[in-house]
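Scroll down for the structure; my scribbles are underneath it.
Numbering (this note's numbering), first residue to last: 25 to 206.
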């Protein structure tokens with residue numbers, strides 16, 4: 025399907041970018057990489073969730089196998105929508121070097137909820153990323169999702185939070201802060 029082709033193309037682009045950077049870093053004797061995946065876990069992701077998880081695992085395996093001199097620290101933030109509290113609004117895996125444990129945890133991630141409007145609480149995912157203990161010089165955050173964040177500034181879809189979620193930073197502020205932290 026067209027959506028699968030888009031996901032596969034994006035995964036290849038992300039893999040190449042991370043591989044290029046990690047290959048450059050691997051020139052040093054030893055280096056470390058922080059790699060975080062921020063993923064939409066709402067119901068609209070049901071058709072894509074297995075492929076998305078597979079792509080995350082493929083990216084990790086490729087880095088670990090092709091760049092053995094790099095210590096890779098992995099983290100995962102899965103977000104849903106504001107009203108999905110009963111479903112568990114979020115899923116967090118803190119930075120870990122245990123690739124096998126991380127991959128097993130990713131396998132258990134499911135998509136549900138988010139049926140209230142078209143946009144999702146992506147801002148929460150980015151705010152959560154800001155709260156994590158990023159410690160290495162090489163840092164990547166990979167966003168995986170199929171719908172935009174809240175705020176009609178960014179789209180013209182049905183959105184119960186047209187001005188963004190009250191009490192949350194807007195997505196631009198969070199992205200800017202992540203960039204300032206490298």
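By construction, the Cβ of each residue, glycine as well, lies at the ideal position given by its N, Cα and C atoms.
For residue i, the nearest candidate out of the options (CA to CA)
i, options, result
"residue 102", "157, 83, 144", "144"
"residue 124", "92, 164, 85", "85"
"residue 147", "139, 130, 191", "191"
"residue 129", "115, 79, 95, 198", "115"
"residue 172", "56, 135, 63", "63"
"residue 105", "117, 56, 188, 198", "188"
"residue 93", "55, 162, 178", "55"
"residue 131", "180, 181, 75", "75"
"residue 66", "91, 137, 162", "137"
"residue 193", "68, 133, 149, 204", "149"
"residue 203", "178, 117, 163", "163"
"residue 68", "91, 169, 161", "169"
Sequence-distant residues of the same chain with beta carbon closer than 8 Å to residue i, five excluded per side
i, result
"residue 119", "58, 60, 97, 98, 99, 156, 157, 158, 159"
"residue 183", "141, 142, 143, 174, 175, 176"
"residue 197", "none"
"residue 133", "63, 65, 73, 77, 100, 102, 115"
"residue 181", "141, 142, 143, 171, 172"
Sequence-distant residues of its chain with Cβ nearer than 6 Å to residue i (five each side left out)
i, result
"residue 127", "81"
"residue 186", "176"
"residue 73", "135"
Residues bridged to residue i [DSSP beta-bridge criterion]
i, result
"residue 100", "61, 117"
"residue 91", "DSSP, once it has assigned bridges, lists no residue as partnering residue 91."
"residue 163", "58"
"residue 70", "Paired residue(s): none; residue 70 is not in a bridge."
"residue 144", "173"
"residue 168", "63"
Exposure of residue i, with buried meaning 16 or more beta-carbon neighbours within 10 Å
i, result
"residue 165", "buried"
"residue 52", "Here the model assigns residue 52 a pLDDT of 49, short of 50, so the residue's position is not dependable and the matter cannot be decided."
"residue 108", "buried"
"residue 153", "buried"
"residue 79", "buried"
"residue 77", "buried"
"residue 70", "exposed"
"residue 23", "No answer is possible for residue 23: it lies beyond the span of the chain, which begins at 25 and ends at 206."
Check: residue i C-beta below 8 Å from any heavy atom of the ligand NAD
i, result
"residue 176", "The ligand NAD is absent from the structure shown, which contains no ligands of any kind."
Cβ shell of residue i (< 7 Å), same chain only, five flanking positions each side left out
i, result
"residue 167", "62"
"residue 205", "158"
"residue 88", "96, 123"
"residue 201", "154"
"residue 117", "99, 100, 126, 129"
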